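What follows is a set of notes on a single structure, which appears directly below.
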Amino acid sequence: MTTPRHELNDGTSIPAIGFGTYPLRGDDGIAAMTSALEAGYRLLDSAVNYENEAEVGEALRRSGLPREEVMLATKIPGRDHAKDKAIASVENSLTTMAVDYLDLVLIHWPNPSVGLYRQAWEALVDVRERGLVRSIGVSNFTAAHLQDIIDATGVTPAVNQLELHPLFPQEQMRAVHERLGIRTESWSPLGKASAPYEEEPITRAAQAHDVTPAQVILRWQVQLGSVPLPKSATPERQRSNLDVFGFELSDAEVEAITALGRPDGRLFDGDPDTHEEM
Ligand SMILES: NC(=O)c1ccc[n+]([C@@H]2O[C@H](COP(=O)([O-])OP(=O)(O)OC[C@H]3O[C@@H](n4cnc5c(N)ncnc54)[C@H](OP(=O)(O)O)[C@@H]3O)[C@@H](O)[C@H]2O)c1
26 MTTPRHELND GTSIPAIGFG TYPLRGDDGI AAMTSALEAG YRLLDSAVNY ENEAEVGEAL
86 RRSGLPREEV MLATKIPGRD HAKDKAIASV ENSLTTMAVD YLDLVLIHWP NPSVGLYRQA
146 WEALVDVRER GLVRSIGVSN FTAAHLQDII DATGVTPAVN QLELHPLFPQ EQMRAVHERL
206 GIRTESWSPL GKASAPYEEE PITRAAQAHD VTPAQVILRW QVQLGSVPLP KSATPERQRS
266 NLDVFGFELS DAEVEAITAL GRPDGRLFDG DPDTHEEM
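Below, the structure is given as C-alpha cells:
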C-alpha cells in the first residue's frame with residue numbers, strides 16, 4: 026500500500042498521512058514505531074520535548090528502510106527560540122536521531138510572551154540553507170504569527186501543524202493556509218480521549234462505507250487536505266488508520282462531520298495566543 030503525497034511549497038513532498046510518536050518512548054516506543062514503518066507509514070512526527078528522537082532514529086534503522094524513504098520530523102522547544110539555541114537544537118536532534126539530515130523541523134509553539142519565535146524562524150531558514158534540514162515549518166501558529174515571520178524573512182513555512190479534529194476543524198486557519206500555500210498538518214487528529222466515534226455523522230458514514238469510525242475521521246482529514254498524524258501503539262490500529270485510501274466520503278458526509286465543530290472544541294486550553302510550552 027503506497028500513501029499518496031502532497032507537494033510542499035518548497036518543492037519537496039509529504040505523505041498524505043503520518044504517524045504521531047508522542048508519548049512513545051523506550052523499547053516499547055521503538056517497537057511501536059518500527060511496526061508503524063512496517064505497516065507503511067513514511068512520516069514520523071517527533072519533537073525534542075517528546076524525548077524520543079533516539080527511538081525514532083533506532084526505529085528507522087531497525088526497519089531496514091532506506092533513509093530517503095522516511096520523512097523524519099521534529100520540533101524546536103519553546104526554551105530554545107533564541108537564534109543560536111534554535112540552531113543548536115536542530116544540531117542536537119541530528120545527533121540524537123543519528124542521521125545526517127532532517128526532513129522537516131517545526132517551531133513547536135509560538136510562545137508569544139517570550140517573543141523570540143522570529144529568531145527561531147531565522148535559525149530554521151539558516152539550517153535549511155546549510156542542508157541540515159529539507160523543509161521548515163511551524164506548529165500552533167496563528168495567522169498573525171505566520172504573517173510576522175513571513176514579513177521578517179520572506180520565507181513562508183511549508184507546513185503549520187495545528188490541533189484539528191471533528192470537534193475543532195480549524196476552518197479559518199485552513200483558509201489562511203490555502204491563501205498562503207501552507208500545508209496543514211493535524212495533531213490529535215482523532216480527537217484523542219474526546220474522539221467523537223459515537224457521533225451520528227461518523228457512525229452513519231462508517232456504516233455506509235463499511236469502515237471504522239476512526240477511518241472515517243482520518244479520511245475526512247485527508248479530504249480536507251490536511252495531513253493527520255494519528256498515534257497508536259497498537260499494530261492493528263496503526264494498519265487500519267493508514268488504510269483510508271480505498272473509499273471516499275461524499276461532500277455531504279464531509280460537511281456533516283465538519284459541522285460537529287464547536288468554538289469550545291479544543292481538547293484543552295491550547296489557544297496559541299495564551300498557551301505556552303517550553
Ligand atoms: N504540535 C503539537 O503541539 C502537538 C500536540 C499534540 C500532539 N501532537 C502530535 O500529534 C500526534 C497525535 O496526537 P494524539 O496522540 O494527541 O491524538 P490522536 O492520534 O488523535 O489519538 C491517539 C489516541 O487514540 C487511540 N487510537 C488510535 N487509533 C485508534 C483507533 N483506530 N481506534 C480507537 N482508538 C485509537 C490511541 O490509543 P492506542 O495507542 O492505545 O492505540 C491514543 O490513545 C502525537 O503523537 C504528536 O505527534 C502534536
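Under our numbering, the first residue of the sequence shown carries the number 26, and numbering increases by one thereafter. We put the beta carbon where it would ideally sit given N, CA and C, even for glycine. Keep in mind that this is a model prediction, so the values were computed, not measured.
Where Arg287 falls, given that 16 or more other Cβ within 10 Å makes a residue buried: A residue is called buried once 16 or more other Cβ atoms fall within 10 Å of its Cβ, and Arg287, having fewer, is exposed.
Residues that DSSP places opposite Gln45 in a beta bridge: Going by the sequence as given, residue 45 is Gly instead of Gln. DSSP output for Gly45 lists Asp70 as bridge partner(s).
Gly250 burial status per 10 Å Cβ neighbour count (16 or more: buried): Counting of Cβ neighbours within 10 angstroms places Gly250 among the exposed residues, the total staying below 16.
Separation of Gln232 from Trp146, as counted between CA atoms: Spanning the two alpha carbons is a distance of roughly 45 Å.
Any non-hydrogen atom of ligand 1 closer than 7 Å to Gln186 Cβ: Within the cutoff, so yes.
Bridge partner(s) assigned by DSSP for Arg39: One point to set straight first is that residue 39 is Ile, not Arg, in the sequence displayed. Bridge pairing for Ile39: His31 [DSSP].
Given 8 Å, three or more beta-carbon pairs between the segment 56–65 and the segment 117–126: By the Cβ test, the segment 56–65 is not in contact with the segment 117–126, since fewer than three Cβ pairs between them sit closer than 8 Å.
Beta-carbon proximity of Leu97 to Asn77, cut-off 8 Å: Not in contact: Leu97 and Asn77 (Cβ atoms no closer than 8 Å).
Closer than 7 Å: Ala258 CB and nearest ligand 1 heavy atom: Ala258: yes, Cβ under 7 Å from ligand 1.
CA-to-CA distance, Ala177 to Leu274, given in whole angstroms: Rounded to the nearest whole angstrom, the CA to CA distance from Leu274 to Ala177 is 40 Å.
DSSP state of Arg287 mapped onto helix, strand, coil: In the structure shown, Arg287 sits in coil (DSSP, three-state: anything other than H, G, I, E or B).
Residues of its chain near Tyr47, where Cβ-Cβ distance is below 6 Å and the 5 sequence neighbours each way are ignored: Around Tyr47: Tyr75.
Contact test: Trp212 Cβ vs ligand 1 heavy atom, cutoff 7 Å: Yes; taking the cut-off as 7 Å, the Cβ of Trp212 has a heavy atom of ligand 1 nearer than that.
C-alpha gap between Val184 and Thr37, whole angstroms: Spanning the two alpha carbons is a distance of roughly 11 Å.
Inter-residue Cα distance where the pair is Leu187 and Phe166: Between Leu187 and Phe166, the C-alpha separation is close to 8 Å.
Contact set for Pro238: own chain, Cβ-Cβ below 7 Å, skip 5 residues either direction: So the qualifying residues of the chain are Tyr222, Ile227, Thr228 and Ala231.
Distance CB(Val269)-CB(Leu243) smaller than 8 Å: Taking 8 Å as the Cβ cut-off, Val269 and Leu243 qualify as a contacting pair.
Contacting residues, own chain, Cβ-Cβ under 6 Å from Leu68 (five flanking each side not counted): If we look at Leu68 and ignore the five residues flanking it on each side, its Cβ neighbours are Pro40, Gly43 and Met96.
Residue from Gly140, Asp235, Ile132 and Ser138 with nearest C-alpha to Gly162: Answer by Cα proximity: Ile132.
Cβ neighbours of Glu224 in the same chain (closer than 6 Å, five flanking residues each side left out): Contacts found: Leu285.
Pro194 - DSSP class collapsed to helix/strand/coil: Residue state for Pro194 is assigned as coil, using DSSP reduced to three classes.
Cβ pair count under 8 Å reaching 3, the segment 188–198 against the segment 210–217: Yes: at least three Cβ pairs fall under 8 Å.
Contact test: Pro182 Cβ vs ligand 1 heavy atom, cutoff 7 Å: Not one heavy atom of ligand 1 lies closer than 7 Å to the C-beta of Pro182.
Bounding residues of the beta strand (DSSP E) (the contiguous stretch that carries Trp212): Segment Arg208 to Trp212, the beta strand (DSSP E) holding Trp212.
Boundaries of the beta strand (DSSP E) in which Ala98 is found, first to last residue: Its beta strand (DSSP E) spans residues Met96 to Ile101.
Any non-hydrogen atom of ligand 1 within 7 Å of Thr299 CB: Flag unset: Cβ of Thr299 not near ligand 1.
Spatial distance of Gly54 from Val130 (CA atoms): Going by the C-alpha atoms only, they are around 21 Å apart.
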